[in-house]
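Worksheet: the structure to be examined is printed underneath.
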DNA sequence: GAATATTAGTTTGAATTCAAACTAATATTA
DNA sequence: TAATATTAGTTTGAATTCAAACTAATATTC
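Below you can see the structure in the form of structure tokens.
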């Protein structure tokens, strides 16, 4: 019993390393592409922008949750985006604790140029991998995260 | 054709987010466990130590490659480990460019206490996920990384 | 063998992450 | 309603990451 469990855990450790490798490579590829277009736009800033393209007007806490970034990191990144005039911070009318983050026109417009590059990079990574395998894998990763919640917290 | 490709890419983007989430949670769980034992040992330092447990005496470049960390990050982390007397830096006799990194006795000994905790965390994450699925996914991630090499560089 | 290129590691400064303590606003409870 | 707890966001300082320029050592080429 114990042996099998440890074998699986050791394999999961390798999976984690493989994920790090993929993330590192992916970051590098995307960063290179966008730097050519806009030298002032980092991969991390793009992560936030990319989320807002899908969900404009959410608050910082939700950005923090959905990008798995510490909320102080989000404060830092939003400040940087505000400085670049890519987003605006707007207090929630009813609950003034919430700061809603909205894309500016500029923030919306760069989507046309940037998003295709990001998508292209991920398409390259996918190669001819089967769509179902990809889905299955995503489900598995999410399940592993959920399993940790059951213990960790 | 284009549609299908984009659909897969978008899914890969979700996979990447799921991986971030898992890494973040994993980091948090493991950091909490080891902080209780040794408040002076970070997750990142442990990543290096953990590699050395398997491959003692490799040089910094190899550590950099295998952990997907920038070599300047490795310099920083090794310095921190040397300060804590967990590893030693030894110049390669034949090629003095290489600095070989060796665990000290202390570095070896903490394995008994720490490694089980790490393994346990990954075992928790695995839950009752099928071993074959786990293997298959690791292979897939590595393939995605390799696909990027074909383009990115 | 000298000139050149490549490789491993360091240094530097800026960017990002992290945890902990903090402030302000709202929700809950007595 | 007053006291307390919870929530969202900020601030702080330290840790880590990153890219670029740099040094030293070795390999390659002429």
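Chains as they are written, first to last, in the numbering used here: chain A, 43 to 195; chain B, 43 to 195. Glycine included, every Cβ here is placed at the ideal spot set by N, Cα and C.
Indicate whether residue i and residue j have their beta-carbon atoms separated by less than 9 Å.
| i | j | result |
| --- | --- | --- |
| residue 168 of chain A | residue 50 of chain B | yes |
| residue 183 of chain A | residue 61 of chain B | yes |
| residue 157 of chain B | residue 54 of chain A | no |
| residue 115 of chain B | residue 108 of chain B | no |
| residue 79 of chain A | residue 159 of chain A | yes |
| residue 148 of chain A | residue 127 of chain A | yes |
| residue 110 of chain B | residue 59 of chain A | yes |
| residue 83 of chain B | residue 129 of chain B | no |
| residue 186 of chain B | residue 171 of chain A | yes |
| residue 86 of chain A | residue 119 of chain A | yes |
| residue 192 of chain B | residue 166 of chain A | yes |
| residue 71 of chain A | residue 190 of chain B | yes |
By the DSSP assignment, the alpha helix (DSSP H) with residue i in it spans what residues?
| i | result |
| --- | --- |
| residue 145 of chain A | No alpha helix (DSSP H) holds residue 145 of chain A; the beta strand (DSSP E) holding it covers 141 to 145. |
| residue 76 of chain A | 44 to 79 |
| residue 115 of chain B | 113 to 125 |
| residue 107 of chain A | 102 to 109 |
| residue 92 of chain A | 85 to 96 |
Looking at the unbroken beta strand (DSSP E) that takes in residue i, where does it start and where does it end?
| i | result |
| --- | --- |
| residue 130 of chain B | 129 to 133 |
Measure from the alpha carbon of residue i to the alpha carbon of each residue in the options, then state which is nearest.
| i | options | result |
| --- | --- | --- |
| residue 52 of chain B | A/192, A/180, A/190, A/185 | A/180 |
| residue 134 of chain B | B/125, B/154, B/101 | B/101 |
| residue 155 of chain B | B/48, B/68, B/76, B/44 | B/76 |
| residue 139 of chain B | B/69, B/112, B/103 | B/103 |
| residue 69 of chain B | A/44, A/124, A/112, A/131 | A/112 |
| residue 150 of chain A | A/136, A/99, A/178, A/105 | A/99 |
| residue 106 of chain B | A/44, A/178, A/63 | A/63 |
Any heavy atom of the ligand FAD closer than 8 Å to the CB of residue i?
| i | result |
| --- | --- |
| residue 85 of chain B | As for the ligand FAD, it is missing from this structure, which has no ligand bound. |
Counting Cβ pairs, one atom from each stretch, are 3 or more of them under 8 Å apart for the segment 88 to 97 of chain A and the segment 131 to 145 of chain A?
yes
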